[in-house]
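Below is one structure; the comments refer to it alone.
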Amino acid sequence: MKLIVQIPCFNEEQTLPATIGDIPREVPGIDKVEILIIDDGSADRTSEVAREYGADHVIRFPQNRGLGHAFKAGFDACLRLGADIVINTDGDNQYYGGDIGKLVEPILAGQADLVIGDRQTGAIAHFSFIKRYLQSFGSRTISRLAGIKVPDVASGFRAFSREAAIQLATFTEFDHTAEHVIAAGYGRLAVVSVPIRTNPKTRESRLFSNIGEFVFKSGSISLRTWARYAALKIFAVCGALVFVVGVLLGLRFLYYFTFTMEGQLHIQSLILASILLLAGFQMFLTGVVADLIATNRSLMEDVLQRVKILELRDSGDKDADKRE
Ligand SMILES: Nc1nc2c(ncn2[C@@H]2O[C@H](COP(=O)(O)OP(=O)(O)O)[C@@H](O)[C@H]2O)c(=O)[nH]1
Ligand SMILES: [Mg+2]
772 MKLIVQIPCF
782 NEEQTLPATI
792 GDIPREVPGI
802 DKVEILIIDD
812 GSADRTSEVA
822 REYGADHVIR
832 FPQNRGLGHA
842 FKAGFDACLR
852 LGADIVINTD
862 GDNQYYGGDI
872 GKLVEPILAG
882 QADLVIGDRQ
892 TGAIAHFSFI
902 KRYLQSFGSR
912 TISRLAGIKV
922 PDVASGFRAF
932 SREAAIQLAT
942 FTEFDHTAEH
952 VIAAGYGRLA
962 VVSVPIRTNP
972 KTRESRLFSN
982 IGEFVFKSGS
992 ISLRTWARYA
1002 ALKIFAVCGA
1012 LVFVVGVLLG
1022 LRFLYYFTFT
1032 MEGQLHIQSL
1042 ILASILLLAG
1052 FQMFLTGVVA
1062 DLIATNRSLM
1072 EDVLQRVKIL
1082 ELRDSGDKDA
1092 DKRE
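In our numbering, the protein residues as written are 772 to 1095.
Here is the structure:
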């Protein structure tokens, strides 16, 4: 059993030594632990520091490409390097490395494909009241959308089985945490949350400069990811709402037209009702088209997964096809 801990980094020379130092090299049930750093075009000495402090593999982008790209490159490299389990953690030493054993346990026991470290955000002292509330509200909303219970969706401390690493594609160029939870829910992966510890804060978040940005960016990523799977539902509900308003307005016009002599006074309502009826119907049709595209997309995902397996087999992983 090989475990690779991947750490996407952007200018983390200050905190990387502590982060790497915290990662246990012996984990029960694991034969080999390796560390992979993805240096996303840092302007500081992140790559050099990574090597100095014992990282086994370093990928460096010549310029900053964003967390999503770095994550994806990390996953591809871990799979090529023959990882059976991939752990993702942050370069700011936010998560307590000693809890890696807890993250891999459910995968080793065959109970999980994806294990998410639960920071128990309600109890983190340096989180403001509003941040705690938003974290919990966000996690509950995304859990509902994904159809699985994940108490801490924004946690970047996670373990992925090899199968999950092959199956989960990363399209988001930014923070992938919500995307993977929704994809795992719809992909019927076994997702387990385990309580983990965090270290004292080392610096402010680089991903989000304020709570408003966090809500906006995470919200839009979640909505876009959810729309990939539930397009028909979203468009049908929106279309139905618009259609019903159109029907009500139309009935109102008919009432005046039939029972009073004021029909001509309500021509505007008639026009609006017609527009709403048409718009509602169009929305529904858009949903049908989106649903057809989604079916296509799921076929493409299947092909992509098979291509990855073939690539891995060609690169020497003889068990690749058995892991489907
Ligand atoms: N690849 C990449 N990683 C980044 C970028 N910005 C932040 N990160 C990394 O993403 C992880 C989380 O970032 P952090 O600033 O701690 O955000 P937090 O999750 O809100 O605390 C850290 O390992 C950062 O080094 C970026 O532009 N590219
Ligand atoms: Mg952090």
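C-beta atoms are modelled at their ideal positions from N, C-alpha and C, and glycine is treated no differently. Remember, it's a predicted structure, so these values are computed and weren't measured experimentally.
Given a cut-off of 8 Å, decide if residue j and residue i are closer than it, judged by their beta-carbon atoms.
{"i": "Leu960", "j": "Leu885", "result": "yes"}
{"i": "Ala925", "j": "Asn864", "result": "no"}
{"i": "Ile858", "j": "Leu774", "result": "yes"}
{"i": "Gly868", "j": "Ile794", "result": "yes"}
{"i": "Cys849", "j": "Ala936", "result": "yes"}
{"i": "Ile806", "j": "Val776", "result": "yes"}
{"i": "Arg974", "j": "Ala1065", "result": "no"}
{"i": "Ser989", "j": "Asp946", "result": "yes"}
{"i": "Phe781", "j": "Asp802", "result": "no"}
{"i": "Gly862", "j": "Pro779", "result": "yes"}
{"i": "Arg933", "j": "Asp827", "result": "no"}
{"i": "Leu1047", "j": "Gly1017", "result": "yes"}
{"i": "Arg968", "j": "Asp889", "result": "no"}
{"i": "Ala1061", "j": "Ala1002", "result": "yes"}
{"i": "Thr996", "j": "Glu944", "result": "no"}
{"i": "Gln882", "j": "Val963", "result": "yes"}
Can you tell me whether residue i is buried or exposed, with buried defined as 16 or more other CB within 10 angstroms of its CB?
{"i": "Lys1093", "result": "Annotation note: pLDDT 49 at Lys1093 (below 50); position unreliable, no value reported."}
{"i": "Val1004", "result": "Before going on, a small fix: residue 1004 reads as Lys here, not Val. With fewer than 16 other Cβ atoms within 10 Å, it is exposed."}
{"i": "Pro799", "result": "exposed"}
{"i": "Gln938", "result": "buried"}
{"i": "Leu1083", "result": "buried"}
{"i": "Leu874", "result": "buried"}
{"i": "Phe931", "result": "buried"}
{"i": "Glu784", "result": "buried"}
{"i": "Arg929", "result": "buried"}
{"i": "Phe1030", "result": "exposed"}
{"i": "Gln906", "result": "buried"}
{"i": "Val1015", "result": "exposed"}
{"i": "Glu1095", "result": "Caution is warranted here: a pLDDT of 44 is assigned to Glu1095, below 50, making its placement in the model unreliable, and the coordinate value is therefore given only provisionally. When all chains shown are included, Glu1095 counts as exposed."}
{"i": "Pro833", "result": "exposed"}
{"i": "Tyr1026", "result": "exposed"}
For the beta strand (DSSP E) containing residue i, name the first residue and the last one.
{"i": "Arg974", "result": "Segment: none, Arg974 is in no beta strand (DSSP E) and carries neither H nor E."}
{"i": "Val776", "result": "773-780"}
May I ask which residues mark the beginning and end of the alpha helix (DSSP H) holding residue i?
{"i": "Glu1072", "result": "1038-1085"}
{"i": "Lys843", "result": "838-851"}
{"i": "Lys920", "result": "Taken as a continuous stretch (DSSP letters only), Lys920 belongs to no alpha helix (DSSP H), as it is neither H nor E."}
{"i": "Ile878", "result": "871-879"}
{"i": "Leu1022", "result": "982-1030"}
{"i": "Ile791", "result": "787-793"}
{"i": "Arg822", "result": "817-823"}
Going by DSSP, which residues form a beta bridge with residue i?
{"i": "Tyr866", "result": "Thr969"}
{"i": "Gly888", "result": "Val965"}
{"i": "Asp734", "result": "The displayed coordinates of the chain run from 772 to 1095. Any statement about residue 734 would go beyond what the structure contains."}
{"i": "Arg929", "result": "Asn859, Ile887"}
{"i": "Val952", "result": "DSSP lists no partner for Val952."}
{"i": "Lys803", "result": "Lys773"}
Notebook entry, point to check: With contact counted as at least three CB pairs below 8 Å, one residue from each stretch, are the region 821-829 and the region 900-918 in contact?
Noted result: no
Next item on the list: Mind the definition here: the region 1035-1044 touches the region 981-988 only if three or more C-beta pairs lie below 8 Å; say whether that holds.
Entry: no
Check: Are the region 906-920 and the region 948-955 touching, with three or more C-beta to C-beta distances below 8 Å?
Finding: yes
Next item on the list: Could you tell me whether the region 833-844 touches the region 1060-1080, where touching means 3 or more Cβ pairs closer than 8 Å?
Entry: no
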